[in-house]
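Q:
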Amino acid sequence: MSDAPARKSRFGYRPAPAQKQVALKLVKIEVWSAIKAGFFVTVAAGIATVVGFFALWFVVGQIGLFASLNSLLSGVFGDGGVDIEQELSLPRVMSFATTLAIVNVILGTALTGLYAMIFNVIGKITGGIAIRFTNN
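Sequential numbering of the sequence shown, starting at 2, is according to the numbering used here.
(1) Is the CB-CB distance between residue 32 and residue 117 below 8 Å?
(2) Between the Cα of residue 65 and those of 105, 86, 26, spot the shortest distance and give me the residue it belongs to.
(3) Please classify residue 135 as buried or exposed, where buried requires at least 16 other C-beta atoms within 10 Å of its C-beta.
(4) Which two residues bound the contiguous alpha helix (DSSP H) that contains residue 89?
(5) According to DSSP, simplified to helix, strand and coil, what is residue 20?
(6) Please work out which residues of its chain come closer than 6 Å, Cβ to Cβ, to residue 129, disregarding the five sequence neighbours upstream and downstream, and give them in chain order.
(7) Can you tell me whether residue 32 sits near the ligand GDP, meaning its C-beta is under 7 Å from at least one heavy atom of the ligand?
(8) Counting only the same chain and skipping the five closest in sequence on each side, list residues whose C-beta sits under 8 Å from that of residue 137.
(9) Could you pull out every unbroken alpha helix (DSSP H) segment of at least 4 residues lying fully inside the stretch 63-134, listed in chain order?
(10) Assign residue 29 to one of three DSSP states: helix, strand, or coil.
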């Protein structure tokens with residue numbers, strides 16, 4: 002008799018099957034699939050970047066940091082200093098964040114495909130990554 006717990010079936014009690022392990026090797030990643038997945042991940046990161054920049058700009062504006070920096074800079078450099086509120090206005094910050102997000106999407110998607118190709122070359126040389134699965 003095995004140590005596995007018994008299970009009830011239509012025909013009475015029977016011992017539970019032993020756990021089965023399956024070993025698989027990941028030796029190749031489809032480049033096009035990696036590019037598609039990388040695109041969606043970088044688009045999500047781009048959206049988070051734009052929302053994060055807006056939230057940061059809003060919080061800094063609400064706590065009065067721009068006004069404090071303006072008064073500090075006018076005290077140090079005189080009245081001919083830089084107006085921080087004008088330089089870091091919402092349209093400028095959002096255009097920078099959007100540009101950064103677009104560059105991130107383009108470069109991140111391209112690098113995802115490149116990483117998949119590099120993994121495929123390494124997988125051919127080393128035989129891939131061994132992964133084990135069990136049924137519970």
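Glycine included, each C-beta is placed from N, C-alpha and C at the ideal position. Bear in mind the structure is a predicted one, so any value in this text is a computation, not a measurement.
A: This is what the structure holds:
(1) yes
(2) 86
(3) exposed
(4) Residue 89 -> no alpha helix (DSSP H), and no H or E assigned at all.
(5) coil
(6) 26, 27, 28
(7) For the ligand GDP, the structure offers nothing, since it holds no ligand at all.
(8) 20
(9) 66-78, 85-88, 91-127
(10) coil
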